[in-house]
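The opening residue of the sequence shown carries number 101 in the numbering used here; numbering runs sequentially from there. Glycine included, every Cβ here is placed at the ideal spot set by N, Cα and C. The block underneath contains the structure these notes are about, expressed in structure tokens.
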Amino acid sequence: MPRSDRPFRAGTIAPALLMAALLGACSDIYYDRREGVSFQAGNAVASNVAVETVDPWPTAAANRKIAGNGQLVQGAIERYRTNKVVPPQGTGTSSVKYAPSLAPQAASGGAPNP
101 MPRSDRPFRA GTIAPALLMA ALLGACSDIY YDRREGVSFQ AGNAVASNVA VETVDPWPTA
161 AANRKIAGNG QLVQGAIERY RTNKVVPPQG TGTSSVKYAP SLAPQAASGG APNP
């Protein structure tokens, strides 16, 4: 059958054009405006510094002699070993003392006793 005798089928071309339009909208390269040759350009100096860094940790991180109070630490270790740990006290700025809240009592059908 010659080409001119076939009817035009919009049902086969329309979905292809629709898919092309929808997938074309997924690209945001046009809206990503940057001053450079490519989108990855611009951090060459930072990249070179990071590559050439021998030890990226700060020098203070290598200090193993951390100052501390030996007697205080020894007392804490002994309390931990003997299971006599002192509960911590609040260090807040409020001078109001709060009483610990009690668990709510089960409904017994009567008024609570004061």
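Taking only three categories from DSSP, how would you classify residue i?
i, result
"Ile-166", "coil"
"Gln-189", "coil"
"Gly-111", "helix"
"Ala-125", "coil"
"Gly-142", "coil"
"Asn-183", "coil"
For residue i, report the span of its alpha helix (DSSP H) as first-last.
i, result
"Ala-161", "First-last for Ala-161: undefined, no H or E at that position."
"Ser-194", "It is not in any alpha helix (DSSP H) - Ser-194 carries neither H nor E in the DSSP assignment."
"Val-154", "Careful: Val-154 lies outside any alpha helix (DSSP H) and carries neither H nor E."
Rounded C-beta distance between residue i and residue j? I'm assuming under 8 Å.
i, j, result
"Val-173", "Arg-179", "Their Cβ separation, rounded to whole angstroms, is 11 Å, which puts Val-173 and Arg-179 out of contact at 8 Å."
Say whether chain D places a C-beta atom closer than 8 Å to the C-beta of residue i.
i, result
"Val-173", "Of the protein chains in the structure, only one exists, and it is not chain D."
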